[in-house]
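Below is one structure; the comments refer to it alone.
2 protein chains.
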Amino acid sequence: MLRKEERNSIIEICPVRNVIARFGNKWALLVVLVLSEHEKVRFSELCRLIPDISSRVLSGTLKTLEADGLVSRTTYPVVPPKVEYQLTEMGRTLVPLIVQLTEWAQTNMKKIVAHRKEFEAEDEG
Amino acid sequence: MLRKEERNSIIEICPVRNVIARFGNKWALLVVLVLSEHEKVRFSELCRLIPDISSRVLSGTLKTLEADGLVSRTTYPVVPPKVEYQLTEMGRTLVPLIVQLTEWAQTNMKKIVAHRKEFEAEDEG
DNA sequence: CGGCATCCAGCCGGATACTG
DNA sequence: CAGTATCCGGCTGGATGCCG
């Protein structure tokens, strides 16, 4: 779950790598984004909001985010169980960056895709 | 190299996922960052500037970035071969975002690491 | 010098099934 | 409901070696 330290090297000196590693997580950013839009979200809600994620992976993603202190988890002692997730303060500070990222992506995606096609084409010929 | 389309789902509708996928690439962001600091860089220079990357992986990373149109590659017809990489205009627009990301990381890393330790500790107990 | 080919290990995440 | 357990395929990236 928590990746194990990533052996030595620049990595230890460079905090970025650690963060980026999180973002490498296929669903982490999306989960943060979704949480940023909903205040408090139950596990099953997240499952519905992100249809393609399996419960196992969602669970793992949330646990990582929680471990990092980006997400907090609240359990209610009721039956059936109820658990709510929400962004922490720190988690919320990350949101604007992710949004910018998505905006950049939306702005440039067409060009990128086009360029990629071109590139592959040349590669073939 | 170019990951193959990622099967259907939100993914296709959501450009973000594509971009994030790139950033998931272990070295992509760092390469962009390094390129942003050096204008034109030769392959071997990059190898030195990022000691932990293997030539094979660096090559792949650069090719992906090139395919996306974030990096341009110039070959000089000389012996021994000389190849220079540099950011494209679009690539440069990405740099500020990466920088912000790194700044966020630097700002929050201590807290994150601490939180992670705590979390693991509880988990054990 | 600037790669690509090959090989190979580890991790990531998907599917499925099962619990308190 | 909210996960965990298990199994497993695929991709990523590291090491090494060769080639124009």
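Protein sequence lines correspond, in order, to chains A and B.
Residues in the first sequence are numbered consecutively from 1, following this note's numbering.
Residues in the second sequence are numbered consecutively from 1001, following this note's numbering.
Built from N, CA and C at the ideal position, the CB exists for glycine as well.
Practice task
Give, in chain order, every residue of the stretch 1093–1106 of chain B whose Cβ lies closer than 8 Å to some Cβ of chain A.
Solution key: Taking 8 Å as the Cβ-Cβ cut-off against chain A, the residues of the stretch 1093–1106 of chain B that qualify are 1093, 1094, 1097, 1100, 1101, 1102, 1104, 1105 and 1106.
Practice task
State buried or exposed for residue 99 of chain A, treating a residue as buried only when at least 16 other CB atoms are found within 10 Å of its CB.
Solution key: Position 99 of the first sequence holds residue 99 of chain A. Exposed.
Handout entry: residue 1034 of chain B, enclosing alpha helix (DSSP H) - first and last residue
Key = Indexing the second sequence from 1 puts residue 1034 of chain B at position 34. If you look at residue 1034 of chain B, you'll find it in the alpha helix (DSSP H) that goes 1028–1036.
Practice task
Tell me, please, whether the stretch 26–35 of chain A touches the stretch 43–54 of chain A by the rule of three or more beta-carbon pairs shorter than 8 Å.
Solution key: Result yes; three or more Cβ-Cβ pairs closer than 8 Å.
Handout entry: Validate contact between the stretch 107–115 of chain A and the stretch 1055–1064 of chain B using beta carbons, cut 8 Å, 3 pairs
Key = Contact between the stretch 107–115 of chain A and the stretch 1055–1064 of chain B is absent: fewer than 3 CB-CB pairs across the two stretches fall below 8 Å.
Exercise for the section: Run down chain A in chain order and give the residues with a C-beta less than 7 Å from the C-beta of residue 1069 of chain B. Expected result: By one-based count along the second sequence, residue 1069 of chain B stands at place 69. Within 7 Å Cβ-Cβ: 111, 112 and 115.
Exercise for the section: Work out the CA separation of residue 123 of chain A and residue 6 of chain A for me, nearest whole Å. Expected result: Locating residue 6 of chain A in the first sequence gives position 6, where the first residue counts as 1. Locating residue 123 of chain A in the first sequence gives position 123, where the first residue counts as 1. Because the pLDDT at residue 6 of chain A is just 37, under 50, the model does not fix this residue reliably, and the value given afterwards should be weighed accordingly. Distance between the alpha carbons of residue 6 of chain A and residue 123 of chain A is about 34 Å.
Exercise for the section: Please decide whether residue 1046 of chain B counts as near chain A, where near means a Cβ-Cβ distance under 8 Å. Expected result: Your numbering for residue 1046 of chain B matches position 46 in the second sequence. Not a single CB atom of chain A sits nearer than 8 Å to the CB of residue 1046 of chain B.
Exercise for the section: Identify, in the order they occur along the chain, each residue of the same chain with its Cβ nearer than 7 Å to the Cβ of residue 1097 of chain B, setting aside the five sequence neighbours on each side. Expected result: Looking up residue 1097 of chain B in the second sequence gives position 97. Within its own chain, no residue has a Cβ closer than 7 Å to the Cβ of residue 1097 of chain B once the five positions on either side in sequence are excluded.
Handout entry: At least 3 beta-carbon pairs within less than 8 Å: the stretch 30–48 of chain A vs the stretch 77–86 of chain A
Key = Short answer: they touch.
Handout entry: For residue 72 of chain A: DSSP bridge partner residues
Key = Taking the first sequence and counting its residues from 1, the one referred to as residue 72 of chain A is at position 72. DSSP lists A:86 as partners of residue 72 of chain A.
Practice task
Grab me the residues of residue 1034 of chain B's own chain with a C-beta within less than 6 Å of its C-beta, minus the 5 sequence neighbours each way, in chain order.
Solution key: Here the question's residue 1034 of chain B lines up with position 34 in the second sequence. 1049.
Exercise for the section: Output the boundary residues of the alpha helix (DSSP H) element that contains residue 1054 of chain B. Expected result: For the purposes of this step, residue 1054 of chain B is identified with residue 54 of the second sequence, where counting begins at 1. Annotation for residue 1054 of chain B: no alpha helix (DSSP H) segment contains it, and DSSP assigns it neither H nor E.
Handout entry: Host alpha helix (DSSP H) of residue 47 of chain A (start-end)
Key = Counting from one through the first sequence, the residue named residue 47 of chain A turns up at place 47. Residues 43–49.
Practice task
Would you please verify whether the beta carbon of residue 1029 of chain B is less than 8 Å from any beta carbon of chain A?
Solution key: To locate residue 1029 of chain B, count along the second sequence from 1; it is residue 29. Interface annotation, residue 1029 of chain B: in contact with chain A, CB-CB separation under 8 Å.
Exercise for the section: Report yes or no: is there a C-beta of chain B within less than 8 Å of the C-beta of residue 78 of chain A? Expected result: Along the first sequence, one-based indexing puts residue 78 of chain A at 78. Using beta-carbon distances, residue 78 of chain A does not count as an interface residue toward chain B, since no partner is under 8 Å.
Practice task
Please check if any C-beta of chain B sits within less than 8 Å of the C-beta of residue 9 of chain A.
Solution key: Taking the first residue of the first sequence as 1, we reach residue 9 of chain A at position 9. Caution applies to residue 9 of chain A, whose pLDDT of 39 falls short of 50 and renders its modelled position unreliable; the value that the coordinates give is listed next. Output row for residue 9 of chain A: interface = yes.
Problem - Buried versus exposed call for residue 1073 of chain B [16 or more other C-beta atoms within 10 Å across all chains shown] - result: Numbered from 1 along the second sequence, position 73 holds the residue referred to as residue 1073 of chain B. Exposed, because fewer than 16 other Cβ atoms sit within 10 Å of the Cβ of residue 1073 of chain B.
Practice task
With DSSP collapsed to three states, give me the class of residue 1079 of chain B.
Solution key: Within the second sequence, residue 1079 of chain B is the residue found at index 79, counting from 1. Coil, per DSSP.
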